[in-house]
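Going by my numbering, the letters in the sequence shown line up with residues 539 to 850, in that order. Take a look at the structure set out below.
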Amino acid sequence: MSPRVWLYSILLTFQYGAQPLISKRFTRREVIVTSSVLTCEIAKVICALILMAKDGTLKKMAKEWTLVGSLTASGLPAAIYALQNSLLQISYRNLDSLTFSMLNQTKIFFTALFTYIILRQKQSIQQIGALFLLIMAAVLLSIGEGSSKGSNSRDPDQILFYGIVPVLVASVLSGLASALCQWASQVKKHSSYLMTVEMSIVGSLCLLASTSKSPDGEAIRRHGFFYGWTPLTLIPVVANALGGILVGLVTSLAGGVRKGFVIVSALLVTAMLQFLFEGKPPSVYCLVALPLVISSISIYQKYPYRVKKKEA
């Protein structure tokens, strides 16, 4: 890989691994989830437009862009990602960082499932085995978190329904949106920057529409958009926005295999940061599940499905 790709990969590794920790540390519980997500989407648009202007593609995209093409390629994935981000924000606050990161990896299983359904992309035997390892890890974590008081001695039911369930539903949505994005990139030939802008705008509009009747909308009208915010709240918001840009760059420049290594490395970064800054060693369930997660992701990336050559 080129030095630039190495830089993007290292930055994404630390962003992905540190995001649960900094979100929990710098986002107060009073912060309205919708306000955080909307601000993150705005930051993504600004970053993507700056990068497009820098590489000279902004004017070209502006001339070729159409509303119908944009909605076809990015509309549905954007709405799905908007809901997913809201669920992740809820989960951040109710799970410890390492448990969240490992449960979040189940999105690879759902990505494979929806990729097969939408694009008919098959999996190798090794990949299927890796996906089963991932499910085993998720079950272990669910049992461990659901049967204990968890972080900050909260109610086990709160951990289950406001921590584990939201991140697993978000993983299902992430898999569906990823498959739709792959279809859009192959059929519509959209660039990663353009899709970031389109999906952020459409997702933001969906969120704004939902605030008319949602609890978050009521809270915003009552307390204000930036209720509970501090200057430090911008740190996880901007970090999450930059992470969205980096995901597209690493995937387009280095491919899915390199991105898999980044995800594995990020899990180790999360464990290290949680121990250093929270002084909390991983639980027994985490220690058992961690090698399963690492092994499953490594096997899945290392043994892709290969089409057998037809015999003459």
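The beta-carbon is built from N, C-alpha and C at its ideal position, and this holds for glycine as well. On a predicted model such as this, the values are computed, not experimentally measured, just so you know.
Measuring only the C-alpha atoms, how far is residue i from residue j?
i, j, result
"methionine 674", "histidine 761", "43 angstroms"
"tyrosine 654", "proline 842", "13 angstroms"
"glutamate 756", "alanine 708", "23 angstroms"
"methionine 733", "alanine 611", "8 angstroms"
"leucine 706", "asparagine 642", "7 angstroms"
"aspartate 593", "glutamine 664", "40 angstroms"
"leucine 605", "tyrosine 619", "19 angstroms"
"serine 803", "glycine 555", "8 angstroms"
"glutamate 568", "isoleucine 758", "11 angstroms"
"lysine 727", "methionine 599", "12 angstroms"
"isoleucine 580", "leucine 657", "31 angstroms"
"valine 775", "serine 547", "20 angstroms"
"leucine 772", "arginine 844", "44 angstroms"
"threonine 808", "proline 694", "23 angstroms"
"proline 541", "glycine 786", "17 angstroms"
"glycine 667", "glycine 607", "38 angstroms"
"leucine 711", "isoleucine 628", "15 angstroms"
"arginine 566", "glycine 713", "29 angstroms"
"isoleucine 588", "threonine 768", "26 angstroms"
"proline 829", "leucine 805", "10 angstroms"
"lysine 601", "phenylalanine 764", "36 angstroms"
"tyrosine 700", "lysine 840", "34 angstroms"
For residue i, collect the residues of the same chain with a Cβ closer than 8 angstroms to its Cβ; drop the 5 residues on either side in sequence, then sort them by chain order.
i, result
"alanine 616", "Glu736, Met737, Ser738, Ile739, Val740, Gly741, Cys744"
"leucine 669", "Ile646, Phe647, Ala650, Gln661, Ser834, Tyr838"
"glycine 878", "Because residue 878 is not part of the residues shown, which for the chain are 539 to 850, the question remains open."
"glutamine 696", "Asn632"
"serine 752", "Thr572"
If you drop the 5 nearest sequence neighbours on each side, which residues of the same chain put their C-beta closer than 7 angstroms to that of residue i?
i, result
"tyrosine 630", "Pro558, Ser561, Lys562, Phe638"
"threonine 644", "Leu672, Ala676, Leu706, Ser709"
"valine 826", "Leu678"
Who are the Cβ neighbours of residue i in its own chain at under 6 angstroms, not counting the five residues just before and after it?
i, result
"methionine 590", "Leu596, Tyr731"
"leucine 770", "Phe564"
"alanine 715", "Pro615, Ile618, Tyr619"
"alanine 722", "Ala611, His728"
"glycine 578", "Per the sequence shown, residue 578 should be read as cysteine rather than glycine. Within the same chain, cysteine 578 has close Cβ partners Val775, Asn778, Ala779."
"glutamine 659", "Thr653"
"glycine 613", "Val740"
Could you check if residue i is buried or exposed, using at least 16 other CB atoms within 10 Å of its CB as the buried criterion?
i, result
"tryptophan 603", "exposed"
"tryptophan 501", "Any question about residue 501 goes unanswered here, given that the chain covers just 539 to 850."
"alanine 747", "exposed"
"aspartate 634", "buried"
"methionine 810", "exposed"
"glutamine 720", "buried"
"isoleucine 783", "buried"
"lysine 582", "buried"
"phenylalanine 815", "exposed"
"proline 704", "buried"
Could you work out which residue in the options is closest to residue i when comparing CA atoms only?
i, options, result
"asparagine 632", "Val807, Trp721, Ile702, Leu784", "Ile702"
"leucine 550", "Ile801, Gln812, Pro819", "Ile801"
"isoleucine 570", "Pro694, Leu678, Thr649, Thr749", "Thr749"
"leucine 671", "Arg844, Ser608, Ile832, Tyr823", "Ile832"
"glycine 766", "Ala777, Asp754, Val776", "Asp754"
"cysteine 585", "Glu816, Gln696, Val785, Ala779", "Ala779"
"alanine 777", "Leu806, Met640, Phe552", "Phe552"
"leucine 609", "Leu718, Ser836, Cys578", "Leu718"
"methionine 509", "Ser836, Lys840, Cys824", "Because the chain spans 539 through 850 in this model, residue 509 falls outside it and cannot be assessed."
Evaluate the contact criterion for the stretch 568 to 580 versus the stretch 617 to 625: three or more CB pairs, one atom per stretch, below 8 angstroms.
Flag = yes, the stretch 568 to 580 and the stretch 617 to 625 touch.
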